[in-house]
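Structure, as structure tokens:
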Amino acid sequence: MGAIIYGGGERRVELDDRTLAHVKSVVVTKLRRQESFTLSCIEGLGDDSHRSSLWIHPSIPLEFEFTDPDRPELNRAWLNALMVSTNGSGDLWVDPEPDAEPGVTAA
Numbered sequence: 115m116g117a118i119i120y121g122g123g124e125r126r127v128e129l130d131d132r133t134l135a136h137v138k139s140v141v142v143t144k145l146r147r148q149e150s151f152t153l154s155c156i157e158g159l160g161d162d163s164h165r166s167s168l169w170i171h172p173s174i175p176l177e178f179e180f181t182d183p184d185r186p187e188l189n190r191a192w193l194n195a196l197m198v199s200t201n202g203s204g205d206l207w208v209d210p211e212p213d214a215e216p217g218v219t220a221a
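Using the numbering used here, the first residue of the sequence shown is number 115, and each one after it goes up by one.
Structure below.
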């Protein structure tokens, strides 16, 4: 289980490494363009689950921590869906992965 460490360690959001690799790719692309947005996901399981959103801005410290040292192949369709959603709504909503279409190397 990997994590996004946000705001200099003030906040930690855990995601599986595969999901985290896709989220990282979109986040880095947006930040390179100096674009701010929210990142939203469901945390926890069952009755303990909740939705959280983080304001992602180039000036806020952000770290991606992966458990697995190997980079997964990225699903181009998922990356596209995440980016289109973020560009349209200003919110990167972490949806489940659609059918696999590997072939892009992780950033």
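Quick reminder that beta carbons are idealized off the backbone N, C-alpha and C, glycines included.
In its chain, beyond the 5 residues on either side, D131 have a beta carbon closer than 7 angstroms to the beta carbon of D182. By DSSP's assignment, E177 forms a beta bridge with I119. Here the C-alpha atom of V198 lies approximately 26 angstroms from the C-alpha atom of S163.
The DSSP-derived three-state label of S139 is helix. The residue among G123, L134 and S166 with its C-alpha nearest the C-alpha of G158 is S166. Taking 9 angstroms as the cut-off, the Cβ atoms of V127 and I170 do not count as close.
Per the DSSP secondary-structure output, W207 pairs in a beta bridge with S154.
Burial state of I156 is exposed, judged by a 10 Å Cβ sphere holding fewer than 16 other Cβ atoms. Minimum Cα-Cα distance from P172 among the listed residues L134, G122 and D184 corresponds to G122.
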